[in-house]
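For the sequence shown, the working numbering begins at 247 and goes up steadily by one. Worksheet: one structure, shown below.
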Amino acid sequence: MSDKYELLVELGKRRGFFWQSFEIYGGVGGFIDLGPLGVELKRKIEDKWRKLFVKSHGFIEVLTPIIMPSKIFEASNHLEHFKDPMVECLKCRKKYRADQLINEATGVEAENLNLTEIKKVIDDRNVKCLECGGELSNPEYFTTMFKTNIGPYSDAIGYARPETAQGIFINFKRLYEISREKIPLGVAQIGLALRNEISPRQGPIRLREFTLMELELFFDPEEPLCSFLSKVKNEKLKLLPIQLRLNGIQKPIEVTTIEALEKGYVKTEWLAYFMALSKIFLSQIGIPEENQRFKEKLPQERAHYSIQTYDHEVFLDRWGWIEVAGLAYRTDYDLARHIAYSKVDLKVFKAYPVPEIEKVKIIKPSPKAIKEDFKNEADKIFKLLSFLNPEEIERAFKEKGFFEIENFRIYPTHVQLIEKQIKESGKKFIPHVVEPSFGVERLIYAVMEYSYFKIEDRVVMKIPKDLAPLQIGVFPLVSKEELTQKAWSLYLKLLNYGFNVFYDEEGSIGRRYARADEAGVPIAITIDRQTLKDETVTLRDRDSWKQIRVNTINIEEKLRRYFNEEVSFEELND
247 MSDKYELLVE LGKRRGFFWQ SFEIYGGVGG FIDLGPLGVE LKRKIEDKWR
297 KLFVKSHGFI EVLTPIIMPS KIFEASNHLE HFKDPMVECL KCRKKYRADQ
347 LINEATGVEA ENLNLTEIKK VIDDRNVKCL ECGGELSNPE YFTTMFKTNI
397 GPYSDAIGYA RPETAQGIFI NFKRLYEISR EKIPLGVAQI GLALRNEISP
447 RQGPIRLREF TLMELELFFD PEEPLCSFLS KVKNEKLKLL PIQLRLNGIQ
497 KPIEVTTIEA LEKGYVKTEW LAYFMALSKI FLSQIGIPEE NQRFKEKLPQ
547 ERAHYSIQTY DHEVFLDRWG WIEVAGLAYR TDYDLARHIA YSKVDLKVFK
597 AYPVPEIEKV KIIKPSPKAI KEDFKNEADK IFKLLSFLNP EEIERAFKEK
647 GFFEIENFRI YPTHVQLIEK QIKESGKKFI PHVVEPSFGV ERLIYAVMEY
697 SYFKIEDRVV MKIPKDLAPL QIGVFPLVSK EELTQKAWSL YLKLLNYGFN
747 VFYDEEGSIG RRYARADEAG VPIAITIDRQ TLKDETVTLR DRDSWKQIRV
797 NTINIEEKLR RYFNEEVSFE ELND
């Protein structure tokens with residue numbers, strides 16, 4: 247018997263949800279095309295996320311380039327950390343991501359192992375090529391960022407972004423000013439990201455090009471309270487925190503959002519809030535709560551920028567628990583790195599209630615000594631000194647006798663460290679960041695899997711009606727001119743009202759209902775001879791197959807209320 251994945255792949259092709267890219271040339275792993283129904287489902291998932299995570303909080307949204315200069319990813323440390331362990335079959339030359347191969351072949355979780363440990367597991371467990379059974383090479387790291395040249399110059403190196411977040415971080419100063427310098431500040435972005443996966447073999451689950459919905463929430467670490475927390479404080483969350491995982495426990499605990507904070511499972515209120523919101527969002531798009539959980543990453547599993555990350559996972563028929571979202575506490579890592587590399591001040595000013603007198607150390611350059619020693623580089627030295635921390639320079643002088651920056655050595659003859667009292671009206675700080683990040687294609691697949699039902703001999707896609715790519719099907723009962731004209735007129739009328747509608751007059755009415763069910767169409771409207779007499783039509787419900795009779799005079803209002811969840815199907819009856 248086929249598993250749901252095989253059934254959904256076949257359905258996706260037949261009904262226009264998704265299929266493998268470059269089909270006529272044999273396809274390439276890690277790429278899919280979305281068909282008409284897939285595009286519409288994607289748009290509705292994004293709109294629902296945007297409404298829940300962005301608009302309801304008064305947050306803002308940006309759109310930034312996919313290709314970025316290498317300097318940005320050097321600053322963010324992605325160039326150093328975005329790499330996966332790879333092995334190659336010495337016989338058939340097939341390449342594998344080593345940790346995933348080990349997990350698939352042995353069940354051993356190898357994501358956090360280094361190359362030496364991976365090699366040992368492969369040898370101890372006698373792991374072979376899955377295709378031909380051949381011996382494997384020694385593991386090595388493979389950079390998973392797509393590299394390119396920007397323009398015709400070979401030294402203008404660029405990379406395709408592996409996340410949308412950096413486009414937000416490098417624009418923080420401008421976005422903060424546009425937002426009238428308010429903190430907390432939420433900035434969202436929905437867009438493509440690329441990761442050059444070694445051996446993607448999970449259809450829409452593991453792609454090389456995919457869509458992310460990300461939100462960066464900037465807040466004051468000294469005032470970390472979330473003003474929205476009370477709305478979700480009693481939401482139940484299924485957690486697998488580090489404490490359980492380290493003890494080998496795989497069964498999650500269930501706690502409320504507020505308990506997760508009180509028990510120390512979640513470090514900050516904003517992270518707990520977005521975890522609860524993420525659970526609500528997935529429930530709204532049709533993922534049952536019992537098939538959701540939050541799994542905390544171990545320190546060695548976390549991304550380099552995070553001090554706490556929970557993966558929001560859903561249970562899928564073929565692969566078990568799969569991450570569809572990551573919720574990370576990135577602290578000030580990204581902004582601090584971009585300050586250091588760009589030499590642009592991305593700090594936020596915070597006014598004191600009452601001005602304070604503080605003792606501070608300041609750097610006073612010695613112009614004569616700097617100009618004599620650094621000649622043409624003197625202006626650069628003055629600029630660098632303006633960004634330095636006096637305490638760091640003082641510590642370096644005591645430990646080494648000099649301070650080094652960008653291959654320049656600063657000696658005590660070049661600067662004076664002066665202590666003075668100043669009246670401070672406030673202070674600057676680097677905001678901390680909490681990030682919820684969702685993979686859209688994985689959500690599309692999860693929605694489809696949980697919508698898939700077999701009723702008698704029919705497939706019914708019970709996609710939540712506010713996500714359904716096609717809302718209404720219009721069918722003349724039989725292909726007679728007077729009925730087809732009436733049906734076509736109603737079809738155009740509903741299109742004009744803004745509904746997603748399709749028209750079908752081919753085959754028996756039963757076959758047309760079946761096609762509509764497979765496409766996930768919630769409402770089918772049938773025009774028959776009674777329609778010609780009294781302007782009534784038959785409405786058929788996709789999920790229950792119930793039928794009712796309604797008048798077409800006020801059908802727009804009725805259908806709109808139905809799709810807005812204001813009335814049930816039965817309440818549409820005249």
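Backbone N, C-alpha and C fix where the C-beta goes; we use that ideal spot for every residue, glycine too.
Limits of the beta strand (DSSP E) - the one that residue i falls within
| i | result |
| --- | --- |
| glutamate 702 | Run containing glutamate 702: none; DSSP gives neither H nor E here. |
| isoleucine 429 | Segment: none, isoleucine 429 is in no beta strand (DSSP E) and carries neither H nor E. |
| lysine 732 | Lysine 732 -> not in any beta strand (DSSP E); alpha helix (DSSP H) instead, spanning 727 to 742. |
| glutamine 538 | 538 to 542 |
| glutamate 650 | 649 to 651 |
| phenylalanine 748 | 747 to 749 |
| alanine 549 | Premise fails: alanine 549 is in no beta strand (DSSP E) and is neither H nor E. |
Close-in-space but distant-in-sequence residues of the same chain around residue i (CB under 6 Å, 5 per side omitted)
| i | result |
| --- | --- |
| lysine 617 | Ala624 |
| glutamate 377 | Cys338 and Lys340 |
| arginine 786 | Ala770 and Gln793 |
| lysine 610 | Gln662 and Ile664 |
| tyrosine 251 | Arg564 |
| phenylalanine 189 | Limits of the chain in this structure are 247 at one end and 820 at the other, which puts residue 189 out of reach. |
| leucine 631 | Ile609 and Pro611 |
For residue i, the three-state DSSP class (helix, strand or coil)
| i | result |
| --- | --- |
| tyrosine 657 | coil |
| proline 601 | strand |
| tryptophan 565 | coil |
| lysine 329 | strand |
| glutamine 489 | helix |
| tyrosine 342 | strand |
| threonine 410 | coil |
| glycine 223 | Here the chain comprises residues numbered 247 to 820, so residue 223 is not present and cannot be evaluated. |
| tyrosine 511 | coil |
| isoleucine 306 | strand |
| phenylalanine 277 | coil |
| lysine 497 | coil |
| glutamate 811 | coil |
| leucine 421 | helix |
| isoleucine 771 | strand |
| glutamate 802 | helix |
| leucine 631 | helix |
| glutamate 455 | strand |
| proline 545 | coil |
Start and end residues, alpha helix (DSSP H) containing residue i
| i | result |
| --- | --- |
| serine 267 | Run containing serine 267: none; DSSP gives neither H nor E here. |
| glutamate 286 | 282 to 295 |
| valine 367 | 361 to 370 |
| isoleucine 531 | No alpha helix (DSSP H) holds isoleucine 531; DSSP gives it neither H nor E. |
Assumed close pair residue i, residue j - CB separation to whole angstroms, cut-off 8 Å
| i | j | result |
| --- | --- | --- |
| tryptophan 295 | phenylalanine 684 | 7 Å |
| threonine 457 | glutamine 435 | Contact doesn't hold; Cβ gap of about 11 Å is too wide. |
| threonine 782 | valine 767 | So it is not a contact: roughly 20 Å between Cβ atoms. |
| serine 302 | glycine 532 | That belief does not hold up - the Cβ atoms of serine 302 and glycine 532 are roughly 20 Å apart, past 8 Å. |
| valine 680 | phenylalanine 474 | Not a contact, Cβ separation roughly 12 Å. |
| proline 467 | leucine 440 | At roughly 32 Å, the Cβ-Cβ gap does not stay under 8 Å, so proline 467 and leucine 440 are not in contact. |
| asparagine 358 | histidine 550 | Rounded, the Cβ-Cβ distance is 13 Å, inconsistent with contact. |
| glutamine 554 | leucine 523 | Not a contact, Cβ separation roughly 17 Å. |
Beta-carbon proximity list for residue i, same chain, < 7 Å, skipping 5 on both sides
| i | result |
| --- | --- |
| lysine 482 | Glu500 and Thr502 |
| histidine 584 | Ala321, Phe415, Ile416 and Leu592 |
| phenylalanine 643 | Phe649 and Pro658 |
| glutamate 764 | Leu257, Arg261, Val705 and Met707 |
| leucine 453 | Gly276, Phe277, Ile278, Pro446 and Glu687 |
| glutamate 695 | Lys250, Leu254, Leu562 and Asp563 |
| alanine 402 | Asn395 and Ile396 |
Beta-ladder partner(s) of residue i, from DSSP
| i | result |
| --- | --- |
| glutamine 554 | Tyr575 |
| serine 683 | Glu460 and Gly572 |
| glycine 404 | Pro315 and Thr394 |
| threonine 782 | Asn797 |
| glutamine 667 | Lys605 |
| threonine 503 | Note: threonine 503 sits in no beta bridge, so no partner. |
| lysine 596 | Lys673 |
| threonine 389 | Lys329 |
| histidine 678 | Phe465 |
| cysteine 335 | Leu382 |
| glutamine 448 | Its beta-bridge partners do not exist; DSSP assigns none. |
| methionine 707 | Tyr698 |
Nonlocal neighbours in the same chain, by C-beta distance under 8 Å from residue i, ignoring five residues either side
| i | result |
| --- | --- |
| glutamine 530 | Lys294, Leu298 and Pro710 |
| alanine 351 | Arg371, Val373, Lys374 and Leu376 |
| valine 300 | Ile306, Glu307, Gly432, Ala434 and Leu461 |
| lysine 366 | none |
| alanine 615 | Thr659 and His660 |
is_contact[residue i, chain C] using C-beta, thresh 7 Å
| i | result |
| --- | --- |
| glutamine 667 | The displayed structure is made up of one protein chain only, and chain C is not part of it. |
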